[in-house]
Amino acid sequence: MKRFHTAVLAAAAVLSVLGSAALAQADDDVKGTEYLQDPAGGNKAMKSQWTKGDRHKLSGRFRFRPGMDYRLKDRTSPQEAKEWGAKTPDLDTLVYRPAFEFSYEIATQVILRKGLSEKKGKHPVTLHAVLRNAKGVQVAAVHEAQADRPAVLEKKFPLGKKIACDSGTYTVTWSIARTGTHAAEVGGSLRWNSSCKEFRDALSH
């Protein structure tokens, strides 16, 4: 019986071939990666902005996760089945199932102790991102505003969309905003190449 593999398995297969260099760099066309990140640089990399009067410091990061899925099929060669297992990825069924991932921290200055800050309390924060294809047509979007978000948050939004392999270069624009009296916003954009070549190469044996 056929079933879908998760993106994690496909990404692991690709990363085992390409190594850590496969992790994305923002504002660049990167193929076959586990995720694209803005700003580039790993978990500690964030864009920051102070609110008026330096009351709050908003730091945020965005990741676009392409999310590869595929079905399994029976191997036709008994020898291959014996060596590799009875099932093999059906490369004709490769499809992307993308997700947006937002991460932020809001540090609030402790007024009575200059230079100190704490990441506590609730804040009005809006998360926003739009995925567009090569023609500039919107493919998917997330816009979520809440008045009582925590000071530290990481949240993933599966987009519920299928994107065909090799369907061009896509653009994601994103922003994280603390709204209200003490407002601040960080954001940016990145590009994603929907080529499946690395996945095909990694999954075929």
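Numbering of the sequence shown is given in my numbering, commencing with residue 2 and proceeding in unit increments.
C-beta: ideal position from N, C-alpha, C; glycine also.
Pick helix, strand or coil for ASP70, following the three-state DSSP scheme.
-> strand
Beta strand (DSSP E) segment containing LEU37, residue limits | 37 to 39
Using a Cβ-Cβ cut-off of 6 Å (strictly less than) and excluding sequence neighbours within five positions of SER168, which residues of its own chain qualify?
-> SER195
With 16 other CB atoms within 10 Å as the buried threshold, where does ASP149 fall?
-> exposed
Secondary structure of ARG76, DSSP reduced to three states | coil
My guess is that TRP175 and ALA130 are in contact by the Cβ rule of under 8 Å, so how many angstroms apart are they, rounded?
-> 4 Å
Given 8 Å, three or more beta-carbon pairs between the region 46 to 56 and the region 64 to 83 | Flag = no, the region 46 to 56 and the region 64 to 83 do not touch.
Taking Cβ positions, are VAL173 and LYS120 nearer each other than 8 Å?
-> no
Report the three-state DSSP secondary structure of LEU24 (helix, strand or coil).
-> Reliability fails at LEU24, whose pLDDT of 37 lies under 50, so the model's placement of it is uncertain and the value that follows must be treated cautiously. Three-state result, LEU24: coil.
Between which two residues does the beta strand (DSSP E) containing LYS156 stretch?
-> 153 to 159
In angstroms, rounded to a whole number, what distance separates the CA positions of LYS45 and ASP39?
-> 11 Å
Name the residue from CYS197, GLU186, GLU145 and LYS163 whose alpha carbon lies nearest to the alpha carbon of GLU102.
-> GLU145
Expressed to the nearest angstrom, what Euclidean distance is found between the alpha-carbon atoms of ASN273 and PHE63?
-> In the structure as shown, the chain starts at 2 and stops at 206, and residue 273 therefore has no counterpart that could be examined.
Which residues bound the beta strand (DSSP E) around ALA100?
-> 100 to 110
Tell me, which residues are paired with ARG56 by DSSP?
-> Paired residues: none, contrary to the question.
Which residue comes first and which comes last in the beta strand (DSSP E) that contains ASP202?
-> Element bounds for ASP202: not the beta strand (DSSP E) but the alpha helix (DSSP H), 198 to 204.
Is GLY61 buried or exposed, if buried means 16 or more other CB atoms sit within 10 Å of its CB?
-> buried
What is the rounded straight-line gap between the Cα of PRO191 and the Cα of SER78?
-> First, the amino acid is wrong: residue 191 is Leu here, not Pro. Distance between the alpha carbons of LEU191 and SER78: 43 Å.
From ILE164 to PRO99, what distance separates their C-alpha atoms?
-> 8 Å
Three-state secondary structure assigned by DSSP to HIS183 | coil
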